[in-house]
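Residue numbers (the numbering used here): 1 to 130.
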């Protein structure tokens with residue numbers, strides 16, 4: 001029996017254009033319905049602005065927008081601000097998102113990753129530990 005594979009993307013406002021293209025490619029190329037968790041690591045755009053921009057691409061898939069700051073515990077803050085280095089913050093968020101996802105399988109993308117051909121996420125050989 002196949003289990004649903006979710007998709008996770010860690011993104012930021014600087015990458016909003018390519019994030020929109022990723023969502024478009026998901027809509028066109030992923031054949032089975034999936035949950036797409038988009039973690040926005042900064043707050044330069046509101047979650048409502050992200051939702052307005054991305055929602056048109058989610059007629060078949062489910063979009064979950066998560067502010068990155070809601071995932072970061074205080075130990076990842078310096079002087080009451082989240083870690084400044086985007087690469088470090090993104091890496092930490094990729095680990096912390098595991099507690100928010102209901103699926104046993106998920107694939108993590110960066111904003112710059114796209115689907116370029118028809119694909120079923122549920123057919124990916126993503127066994128635990130591989």
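Glycine is no exception: its CB is placed at the ideal position from the N, C-alpha and C atoms.
Assignment of residue 119 by DSSP, reduced to helix, strand and coil, places it in the strand class. For residue 18, the enclosing alpha helix (DSSP H) starts and ends at 16 to 29. Counting along the chain, residue 108 sits inside no alpha helix (DSSP H); it lies in the beta strand (DSSP E) bounded by residues 105 to 110. Between residue 40 and residue 21, the beta carbon gap of about 16 Å keeps them out of contact (Cβ cut-off 8 Å).
As a beta-bridge residue in DSSP terms, residue 6 pairs with 106.
The residue from 104, 34 and 12 with its alpha-carbon nearest to that of residue 120 is 34.
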